[in-house]
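Undergrad: So the protein lines, in turn, are chains X and V.
Per the working numbering, residue 1 is the first one in the first sequence, and the count goes up by one each step.
Per the working numbering, residue 1 is the first one in the second sequence, and the count goes up by one each step.
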Amino acid sequence: MAVYKRAYRPYEGALTRERTRFLVMPRYALREVFESRLLVGFLALCFAPVLVQAAIVYVGNSPAAKALLGITPDADRQGLFVIGAEFFHAFFVAQGVLAFFLTAWVAPVLVAPDLVNGALPLYLSRPFSRADYVLGKAAVLFILLSGITWVPGLAVFGLQAGLAGPGWVATNYRSAVAILAGALVWIAVLTLLGLAISAWVRWRLVASGALFAIFFAGTAFGEIWRAAVRDSWGRLANLSYMVELVWRNLFALDLPRTLAQEMLDDRRVADPPVWAAWLALSSVCAACLWLLSRRLKAREVVR
Amino acid sequence: MAPVIELDRLVVRLGGRVVLDGLTGALSGRAIGLLGPNGAGKSTLLNTLLGFHAPESGTARIFGQAVGEAKALRRLIGYMPENDAFISHLTGVRFVRYMAELAGLPPEPALERAHEAFFYVGLGEARYRKLGTYSLGMKQLAKLAQAIAHGPKLLLLDEPTNGLDPPARLRMIRLIREIRDAGQMHIVISSHLLRDVEECCEEVLILKDGRVAALVDLEAERRANRKFVELETLGADDAFASAIEGLGCECAVYPNGAGLSRVKVVLPEAVEMRELFRVAASHDVQVRRMNYRRDSLEDIFLAAMKEEGGPRGGL
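Set out below in structure tokens:
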């Protein structure tokens, strides 16, 4: 029917699949995200380490390139061109930091505007549950963060595998698993934290600040605890520290010293066990889900 | 007609307070009004029908489906909330398309229907403007557009004329009546404005303190009250009364001084008003005044608010 004909007609066409309907949200949200030139610029910047790493992989596997650049085993004392778990882990830390900044930028605008504008009843009056809503919003961050973490990480791994051959893959396959699993853990923590903060803090800048504050406050708490009690269990509040512990465990990095000693040169304090790090991160995710369930309601009940 | 909404001892408790207290009734009109003073439970009933609040006991059914089956039921519902509810950075048409897609329409039909819905509510020219720049009246119409774009069978309107100036209110009422008369969907209007409900609805559920104060079939009331006509006449006599009764009406003539008479007539449905004038002319009776007074919704509402006993209207 032509739009100028003012008459109502019922809809009798096909409907989309209910299970995948939450993907409508990231489609709309990502379009808005990419309308910001600043954010597109930042995303492009996120690929700079990937390009550097790809170049290192190429040079590391090309004797001709090494010769051209004058790189000899003696010159490569730092082991820059030794491609293994340490190499991918270093890349992963860099991408993880960028993922955090991207979350602090994007997450605050995902949920807060819907709450401010009272749009939740509109979403939830449709065949669309609160879980679908969270899934849809989380998908926005998942897509963006995946794009700068495990997707390029595995691409670089694939490049190295292609250049080095199956022998290298047989001894380093665990790095690929670690890239994927480590990224998914980090994405889950950042996504849920970002959404929970966005649901509770209505102002964008404050929400971004709150995300930074949670990480810095956790670090401060952990170190004060360590200094006062002389053990490292307080560091369970330090999310970046816990994630790093999990990553190192996933990459099976054989560390000559504990991470705590490495970071703080404190030989008397041992790291918390890895299971405690997993538990701490799981608890944070569970707490965020609880906060979201408390906040995301079609109607607030005033007591 | 099969009931659109069935309530069976529905109890809803919010924040420790009973907000809906044993609502029972069946509503089957094409346009149903929910009336009541502030805090009577109108919006809570709408929210319960949408599955936003779970009943503590009792049941509510829409088209025979229990409201607990929220997802299946919401496919059939379009909802226009009372308060501001929009996504300010989206253009009008994009907002409605987004909402239609979330309701399950594929992208292309959703876009087509978003345009249609905007033209239908009269915002066609403003559909590419961002919602944040809309006036209050335009936002109300945009909310109506998103509620109808996916083609629901039941439209729930919560205070649709809230905050509108008189011309905007008239436009909204006209739209609601058009939707009602098109016959494609049922409408439930929650309002504390009697006039809005009276102008749009065929059936009215009046709530008071979370209870049913009255369930009124407005159409039947209108028909029933149309039968009462009071005439002030000059020259009415027994022959005139007999002639009126010959039409099938009940008639009583009372002297009213100065040669005038007061004639009370109860008109059957088949008898038109002009028949009375024809009989009066044939008997040379002057009709000086005619009082056609019907029981307005305001009377019904006020009576319901005063009544402390059981609900009126056959519940």
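Here a beta-carbon is modelled for each residue, glycine too, at the ideal position from N, C-alpha and C.
Keep in mind that this is a model prediction, so the values were computed, not measured.
Taking C-beta pairs closer than 8 Å, name the residues in chain X that Q146/V reaches, listed in chain order.
TA: If you number the second sequence from 1, residue 146/V lands on position 146. Result: L122.
Undergrad: Ends of the alpha helix (DSSP H) at A286/V?
TA: Reading the second sequence from its first residue, position 286 is the one you call residue 286/V. In the sequence as displayed, the identity of residue 286/V is Gln instead of Ala. That residue, Q286/V, is in no alpha helix (DSSP H); its beta strand (DSSP E) goes Q286 to N291.
Undergrad: DSSP on A178/X, reduced to helix/strand/coil?
TA: To locate residue 178/X, count along the first sequence from 1; it is residue 178. Reduced to three states, the DSSP call for A178/X is helix.
Undergrad: Indicate whether A114/V and R94/V have their beta-carbon atoms separated by less than 9 Å.
TA: Stepping through the second sequence from its first residue, residue 114/V is reached at position 114. Stepping through the second sequence from its first residue, residue 94/V is reached at position 94. In contact: A114/V and R94/V (Cβ atoms closer than 9 Å).
Undergrad: Taking 7 Å as the limit between beta carbons, can you name the residues of its chain near E308/V, skipping five residues before and five after?
TA: Along the second sequence, one-based indexing puts residue 308/V at 308. The predicted model places E308/V with a pLDDT of 49, which falls under 50 and marks its position as unreliable; any figure quoted below should be read in that light. Same-chain partners within the cutoff: there are none.
Undergrad: Compile a chain-ordered list of the residues in the region 91-103 of chain V whose CB is closer than 7 Å to at least one CB of chain X.
TA: Y98, M99, E101, L102 and A103
Undergrad: Give me the Cα-Cα distance between Q146/V and P55/V, rounded to the nearest whole angstrom.
TA: Residue mapping note: residue 146/V aligns to position 146 of the second sequence, counting from 1. Residue mapping note: residue 55/V aligns to position 55 of the second sequence, counting from 1. Approximately 27 Å between the Cα atoms of the pair.
Undergrad: If contact means a Cβ-Cβ distance below 7 Å, which residues of the region 182-194 of chain V contact chain X?
TA: A182 and Q184
Undergrad: How many Å lie between L157/V and A280/V at the Cα?
TA: As a working note, residue 157/V is residue 157 in the second sequence. As a working note, residue 280/V is residue 280 in the second sequence. The alpha-carbon atoms of L157/V and A280/V are separated by roughly 47 Å.
Undergrad: In whole angstroms, what separates the C-alpha of V243/X from that of F215/X?
TA: Residue 243/X sits at position 243 when you count from the first residue of the first sequence. Residue 215/X sits at position 215 when you count from the first residue of the first sequence. Their Cα atoms are separated by approximately 11 Å.
Undergrad: Using C-beta distances below 6 Å, list every residue in its chain close to R97/V, excluding the 5 sequence neighbours before and after it, in chain order.
TA: To locate residue 97/V, count along the second sequence from 1; it is residue 97. Answer for R97/V: A110, L111 and A114, listed in chain order.
Undergrad: Between the alpha carbons of A176/X and L76/V, how many angstroms are there, rounded?
TA: Here residue 176/X refers to the residue found at position 176 of the first sequence. Here residue 76/V refers to the residue found at position 76 of the second sequence. Roughly 47 Å separates the two Cα atoms.
Undergrad: Quick check on the burial criterion: 16 or more other C-beta atoms within 10 angstroms. Buried or exposed for A273/V?
TA: Within the second sequence, the letter at position 273 stands for residue 273/V. As written in the sequence, residue 273/V is Met, which differs from the Ala given in the question. Per the 10 Å Cβ criterion, exposed.
Undergrad: L27/V and L10/V look like a contact to me (Cβ under 8 Å); what is the Cβ gap, rounded to whole Å?
TA: Translated into positions along the second sequence, residue 27/V becomes position 27. Translated into positions along the second sequence, residue 10/V becomes position 10. Actually they are not in contact, since the Cβ atoms of L27/V and L10/V sit about 12 Å apart, beyond 8 Å.
Undergrad: Does any C-beta atom of chain X lie closer than 9 Å to the C-beta of A54/V?
TA: As a first step, residue 54/V is located in the second sequence; it is residue number 54 there, counting from the start. Answer no: the Cβ-Cβ gap between A54/V and chain X never drops below 9 Å.
Undergrad: Please check if any C-beta of chain X sits within less than 9 Å of the C-beta of Y128/V.
TA: Numbered from 1 along the second sequence, position 128 holds the residue referred to as residue 128/V. Taking Cβ atoms only, chain X never reaches closer than 9 Å to Y128/V, which makes this a no.
Undergrad: Check whether the region 51-70 of chain X touches the region 175-190 of chain X, counting contact only when three or more Cβ pairs, one atom from each stretch, lie closer than 8 Å.
TA: no
Undergrad: Give, in chain order, every unbroken run of the alpha helix (DSSP H) that is at least 4 residues long and sits entirely within the region 192-231 of chain V.
TA: 194-200 and 218-226
Undergrad: According to the neighbour-count rule (16 or more other Cβ atoms, all chains shown, within 10 Å of its Cβ), is G210/V buried or exposed?
TA: As a working mapping, residue 210/V is identified with position 210 in the second sequence. Buried is the call here.
Undergrad: So, is R242/V buried or exposed, given that buried needs 16 or more other C-beta atoms within 10 angstroms?
TA: For the purposes of this step, residue 242/V is identified with residue 242 of the second sequence, where counting begins at 1. It is Ser, not Arg, that sits at residue 242/V in the sequence shown. With fewer than 16 other Cβ atoms within 10 Å, it is exposed.
Undergrad: Out of R177/V, R169/V, L297/V and N291/V, which one is the CA nearest neighbour of L155/V?
TA: Locating residue 155/V in the second sequence gives position 155, where the first residue counts as 1. Ranking R177/V, R169/V, L297/V and N291/V by Cα distance to L155/V puts R177/V first.
Undergrad: With 9 Å as the threshold, decide whether the Cβ of A213/X is near any Cβ in chain V.
TA: Numbered from 1 along the first sequence, position 213 holds the residue referred to as residue 213/X. So no, A213/X is outside the interface.
Undergrad: Any C-beta of chain X within less than 8 Å: which residues of the region 255-284 of chain V qualify?
TA: none
Undergrad: In whole angstroms, give me the CA-to-CA distance for L231/V and L194/V.
TA: Taking the second sequence and counting its residues from 1, the one referred to as residue 231/V is at position 231. Taking the second sequence and counting its residues from 1, the one referred to as residue 194/V is at position 194. Their Cα atoms are separated by approximately 29 Å.
Undergrad: So A40/V and L207/V are in contact, right, with Cβ under 8 Å, and what is the actual spacing, rounded?
TA: Sequence index remark: in the second sequence, residue 40/V carries index 40 (1-based). Sequence index remark: in the second sequence, residue 207/V carries index 207 (1-based). Going by Cβ atoms, the distance from A40/V to L207/V rounds to 4 Å, so yes, they are a contact pair.
Undergrad: DSSP state of S88/V, grouped into three classes?
TA: Within the second sequence, residue 88/V is the residue found at index 88, counting from 1. Correct three-state label for S88/V: coil.
Undergrad: Distance, Cα to Cα, G314/V vs M138/V?
TA: For the purposes of this step, residue 314/V is taken as residue 314 along the second sequence, with counting starting at 1. For the purposes of this step, residue 138/V is taken as residue 138 along the second sequence, with counting starting at 1. Confidence is the limiting factor: at G314/V the pLDDT is only 37, short of 50, which leaves the residue's position unreliable, though a coordinate-based value still follows. Computed Cα separation, rounded: 40 Å.
Undergrad: Could you tell me which of E223/X, V111/X, A228/X and R226/X sits nearest to R204/X, measuring between CA atoms?
TA: As a first step, residue 204/X is located in the first sequence; it is residue number 204 there, counting from the start. Comparing alpha-carbon positions, the option among E223/X, V111/X, A228/X and R226/X lying closest to R204/X turns out to be V111/X.
Undergrad: Candidates A31/V, A60/V, G29/V and R30/V: which alpha carbon is nearest T44/V's?
TA: Here the question's residue 44/V lines up with position 44 in the second sequence. Ranking A31/V, A60/V, G29/V and R30/V by Cα distance to T44/V puts A60/V first.
Undergrad: Between the Cα of G153/X and those of C288/X, F47/X and A276/X, spot the shortest distance and give me the residue it belongs to.
TA: Counting from 1 along the first sequence, the entry for residue 153/X is found at position 153. The shortest C-alpha separation from G153/X is found at F47/X.
Undergrad: Starting from the C-beta of I173/V, find all residues in its chain whose C-beta is less than 8 Å away, skip the five residues before and the five after it, and write them out in chain order.
TA: Here residue 173/V corresponds to residue number 173 of the second sequence, with the count starting at 1. So the qualifying residues of the chain are T161, D196, E199 and C200.
Undergrad: Are L135/X and A298/X close, meaning C-beta to C-beta below 9 Å?
TA: Against the first sequence, residue 135/X aligns to sequence position 135. Against the first sequence, residue 298/X aligns to sequence position 298. Inclusion of L135/X and A298/X in the CB contact set at 9 Å is not warranted, their separation being larger than that value.
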